[in-house]
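Protein chains: 2
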Amino acid sequence: MKSSVDGTLAALADPTRRGVVELLRKRPYRASEIADAMATSRPAMSRHLRVLRKTGLVEERELPEDARVRVYQLRQKPFAELRSWVEEVEALWTDQLQAFKAHAEQRRPRRP
Amino acid sequence: MKSSVDGTLAALADPTRRGVVELLRKRPYRASEIADAMATSRPAMSRHLRVLRKTGLVEERELPEDARVRVYQLRQKPFAELRSWVEEVEALWTDQLQAFKAHAEQRRPRRP
DNA sequence: ACAGTCGTGAACGATTGGGTTAACTATTAC
DNA sequence: GTAATAGTTAACCCAATCGTTCACGACTGT
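Chains as they are written, first to last, in numbering that gives the first Met the number 0: chain E, 0 to 111; chain G, 0 to 111.
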């Protein structure tokens, strides 16, 4: 059973791709703009965008007035899934602390 | 400027390490228990735990009654930071959609 | 038709990352 | 004391990944 966040985390692990995500927070950008903004070559960026597409983090559409350019835009679903995964992990802390205290108290410190 | 989440995401990108995190949600475990649970060798797990330690995702402590064993436990801070990063990205969607609609409307479809 | 632009794909090289086995240290048990 | 255990470190191998350059197909403008 592979979690739905595993592709997302792998995609976001790369600093360039994370930069793309942060860029696309503002507004949709075309591929070449993204490459320029991240100071990477277009072939390299093309592959990064492919990864982001396959994991569903971004969505591509065609610009109506110029069929050569592809405009990229964020998709919310993977982020929502990632957030709920993190929240799930975080949810256990109070219990975790209780368990730790309970464990620590039943042990006596060893002598120095 | 490197974000505080970049180490976190890199650490969580590996399935084994993510498995460790999910295991540690329940309670603290000792290193060898973790290795057994993930079905990986102890040296391999040792290195994974080192990564998790350096990024602050886990915390190591010594077992009082046996100084050989190291018990690992989650730390909340990086998860909180990751969650707030995701929330920041998510926060822009309504604006994003508005921007998209505005953009789309000012363009007329090209002729077939 | 021709030149220029947008983006992708392919082939190469370099780097990184994870796994393995084999020492090695520190601690505990006998 | 010696033997056994917990965990890490070191040296090596293999696979995946990222960037580059070059070539290509699709489209646009003139």
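C-beta: ideal position from N, C-alpha, C; glycine also. Values in this document were obtained by computation on a predicted structure and should not be read as measured data.
Just how far apart, CA to CA, sit residue i and residue j?
i      : j     : result
E:R58  : E:R17 : The sequence given here has Glu at residue 58 of chain E, not Arg. Those two C-alpha atoms are separated by around 15 Å.
E:P14  : E:V20 : 10 Å
E:D5   : G:A12 : 7 Å
G:A10  : E:F78 : 18 Å
G:E80  : E:R82 : 11 Å
E:T54  : E:A34 : 19 Å
G:A38  : G:S3  : 30 Å
G:L56  : E:A43 : 31 Å
E:R46  : G:R67 : 46 Å
E:E64  : E:V70 : 12 Å
G:R41  : G:L51 : 15 Å
G:R74  : E:E61 : 44 Å
G:P108 : G:L91 : At G:P108 the pLDDT is 40, less than 50, meaning the model places this residue with poor confidence and gives no usable figure here.
G:Y28  : E:A36 : 44 Å
G:R26  : E:L22 : 38 Å
E:E32  : G:E32 : 49 Å
G:R24  : E:R49 : 33 Å
Could you tell me which residues DSSP pairs with residue i in its beta bridges?
i      : result
G:L134 : It is not possible to answer for residue 134 of chain G, since the shown part of chain G is limited to 0 through 111.
G:R24  : Partner(s): none; G:R24 has no beta bridge.
E:R29  : E:V70
G:D65  : G:L62
Measuring CA to CA, which of the options is closest to residue i?
i     : options                    : result
G:V88 : E:E89, E:W92, E:P63, E:K76 : E:K76
E:T7  : E:R69, E:V85, E:R29        : E:V85
E:A30 : E:Q72, E:L91, E:W92        : E:Q72
query = Relative to chain G, which residues along the region 42–60 of chain E have a C-beta separation below 7 Å, given in chain order?
reply = Listed by position, the residues of the region 42–60 of chain E near chain G (Cβ gap below 7 Å) amount to none.
task = With 9 Å as the limit, tell me which residues of the region 8–20 of chain G have their beta carbon closer than that to any beta carbon of chain E; keep them in chain order.
result = Of all residues in the region 8–20 of chain G, the ones placed with a Cβ closer than 9 Å to any Cβ belonging to chain E are L8, A9, A10, L11, A12, D13, P14, R17, V20, in chain order.
ask   = Mind listing which residues of the region 67–86 of chain G have their C-beta closer than 8 Å to chain E's C-betas, in chain order?
value = Residues passing the 8 Å Cβ filter: Q72, L73, Q75, F78, A79, L81, R82, V85, E86.
query = Given a limit of 7 Å on CB to CB distance, which residues of the region 22–34 of chain G reach chain E?
reply = Within the region 22–34 of chain G, the residues whose Cβ lies closer than 7 Å to some Cβ of chain E are R24, R26, P27, listed in chain order.
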